[in-house]
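Report on the following structure.
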Amino acid sequence: MLARFPLLSRCLAALVLAGVYGPLACAETGNEAALKTAFLFNFFKFIHWPVSTDAFSLCTTDNDGLGDSLDVLESKTIDDKPIIIQRGVEGKALKNCQMVYISHTENAAKIIRDLKGLAIVTVSDKPNFVDQGGVIGLVQKDNRLGFEVNLDTANANGVHVMAQMLKLAKRVVAQK
-1 MLARFPLLSR CLAALVLAGV YGPLACAETG NEAALKTAFL FNFFKFIHWP VSTDAFSLCT
59 TDNDGLGDSL DVLESKTIDD KPIIIQRGVE GKALKNCQMV YISHTENAAK IIRDLKGLAI
119 VTVSDKPNFV DQGGVIGLVQ KDNRLGFEVN LDTANANGVH VMAQMLKLAK RVVAQK
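Under this note's numbering, the letters of the sequence shown match residues -1 to 174, in that order.
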């Protein structure tokens, strides 16, 4: 039945992923950028970093790749920790981020190389992102947004992706 209602399916998937309520849930219904933002928010809930911090840091490699949808996250908390959004971050400054959203216009291979081995989760909607060494790839199939996880890269970077998230992934890359 949900196959006939792809928008409803996407909303339910986002809600099931981590129980997003209020304005974030409403905003995602008509907007792909808002849905991607909801996924980013929820990823923080299912990933553990080796060092605890007072806030979660989400950086983007461009200034407007996800538009205004990221603004919603600035009022959200996870485990009483705020989410700090930094846009247009590049070069060595990316090493201060916990999660980096790489725009489809950026050189993902170079960024992945520069961040290799650091406790940073790289996310992008670029095709084959996890096959290039990215941690999480946002993928769209049959007009539905999902995600893939490169567990080998996550482990090599020292971050732990919880089993609940891996079960929801469309594909998990794990060779080791």
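Think of the CB as a built atom: it goes at the ideal place given N, C-alpha and C, for glycine as much as any other residue.
Query, Result
"Can you give the Cα-Cα distance for Y99 and G65, rounded to whole angstroms?", "13 Å"
"Would you call the CB atoms of A106 and F127 closer than 8 Å?", "yes"
"Taking 6 Å as the limit between beta carbons, can you name the residues of its chain near S55, skipping five residues before and five after?", "I82, C95, Q96"
"Go through its chain and collect everything with a Cβ distance to H180's Cβ below 6 Å, but skip five positions before and after it.", "Residue coverage of the chain in this structure runs from -1 to 174, which leaves residue 180 outside it and unanswerable."
"Let me check understanding here. Comparing Cα to Cα, which of G156, D62, V170 lies closest to I134?", "V170"
"Give me, in chain order, the residues of the same chain whose beta-carbon lies closer than 7 Å to that of A167; leave out the 5 immediate sequence neighbours on both sides.", "F145, E146, V147"
"Using the beta-carbon count (16 or more within 10 Å), is G28 buried or exposed?", "Reliability fails at G28, whose pLDDT of 39 lies under 50, so the model's placement of it is uncertain and no value is given."
"Nearest to P175 by CA position, among L143, A31, E72, is which residue?", "Absent from the structure is residue 175, since the part of the chain shown begins at -1 and ends at 174."
"I need the straight-line Cα distance from D123 to R111, nearest angstrom please.", "17 Å"
"Indicate the three-state DSSP secondary structure (helix, strand or coil) for N153 in the structure shown.", "helix"
"Whose C-beta lies closer than 6 Å to the C-beta of D62 among residues of the same chain, with five residues either side of it excluded?", "none"
"Around the C-beta of A32, are 16 or more other C-beta atoms found within 10 angstroms, so that it is buried, or is it exposed?", "buried"
"Where K165 and L143 are concerned, what is the direct C-alpha to C-alpha distance, given to the nearest angstrom?", "15 Å"
"Taking K175 and L113 to be in contact with their CB atoms under 8 Å, please state how far apart those CB atoms are, rounded to whole angstroms.", "The first residue shown for the chain is -1 and the last is 174, placing residue 175 beyond what the model contains."
"Quick check: is any heavy atom of the ligand GDP less than 7 Å from the C-beta of F54?", "This structure lacks the ligand GDP, and indeed carries no ligand of any kind."
"Could you spell out the range, first to last residue, of the beta strand (DSSP E) harbouring M97?", "97 to 100"
"Where do the N-terminal and C-terminal ends of the beta strand (DSSP E) with K79 fall, by residue?", "79 to 84"
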